[in-house]
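To start, the structure under review is shown below, and the notes come after it.
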Amino acid sequence: MPNDRDTLQNDEDNATDTASQAGKNVEIATEESLFEAINLYRESMKLPPLKFDNVLRNYSLELVQNKEIIIPTVDFKVYMTKFRFLDQWRKRSTDRYMKKWIADPSKRTVLLSPGNYGATCIFSKPNTKENYVAVFVSSVFIPN
């Protein structure tokens with residue numbers, strides 16, 4: 001089980017998916033395509049799909065911008081667990097990210113962690129070469 005801290009691992013593979021390198025059009029991953037792919041993977045493993053949560057998305061944006069933990073507070077929602085990871089962002093296909101994350105035990109654990117809500121976030125820091133993708137899975141209780 002990953003602990004509840006952020007991990008940023010160096011990506012040893014510096015290749016990028018570009019049309020000129022591959023000699024074909026490669027669809028670059030988006031937050032939406034990554035979230036959809038995570039749900040497809042979860043479903044293939046007989047886990048329920050995640051519902052997108054904008055609070056988690058905003059939380060992940062704060063995290064990648066500031067490298068700080070900011071606990072989201074929202075009326076009528078209780079975030080019971082948070083599983084997450086940060087990764088360096090490069091212009092790659094969704095399929096390539098998923099293959100990489102599934103092969104990494106610490107990231108695969110997050111993808112398959114118990115939860116009913118999740119979010120993905122891609123962030124590029126202005127005027128730097130720092131680019132990140134964040135993935136969050138959370139169990140959220142919403143009382144009636």
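Going by full-length UniProt numbering, the residue at position 72 of the sequence shown is 72; the numbering climbs one at a time, nothing skipped. Here a beta-carbon is modelled for each residue, glycine too, at the ideal position from N, C-alpha and C. Keep in mind the model is a prediction, meaning the values are calculated, not measured.
(request) Look at the alpha carbon of GLU31 and the alpha carbon of CYS121, and state the distance between them as a whole number of angstroms. (result) Approximately 6 Å between the Cα atoms of the pair.
(request) Would you tell me roughly how many angstroms separate the C-alpha atoms of TRP89 and MET80, rounded to the nearest one? (result) If you take the alpha carbons of TRP89 and MET80, they lie about 28 Å apart.
(request) Report the residue ranges of all beta strand (DSSP E) runs contained in full by the region 50-127; include only those spanning at least 3 residues, in chain order. (result) Taking only runs of at least 3 residues, the beta strand (DSSP E) segments lying wholly in the region 50-127 are 78-88, 117-124.
(message) The alpha helix (DSSP H) that contains ALA134, what's its start and end?
(response) Note, ALA134: premise wrong, no alpha helix (DSSP H); beta strand (DSSP E) at 131-141.
(request) Can you give me the start and stop residues for the alpha helix (DSSP H) that LEU34 sits inside? (result) Per DSSP, LEU34 is one residue of the alpha helix (DSSP H) stretching across 31-44.
(message) Can you confirm whether the region 133-141 touches the region 49-59 when touching is taken to mean that 3 or more C-beta pairs between the two stretches lie within less than 8 Å?
(response) The region 49-59 makes contact with the region 133-141; the number of CB pairs closer than 8 Å reaches 3 or more.
(request) For ILE28, collect the residues of the same chain with a Cβ closer than 8 Å to its Cβ; drop the 5 residues on either side in sequence, then sort them by chain order. (result) ASP17, LYS91, ARG92, SER93, listed in sequence order.
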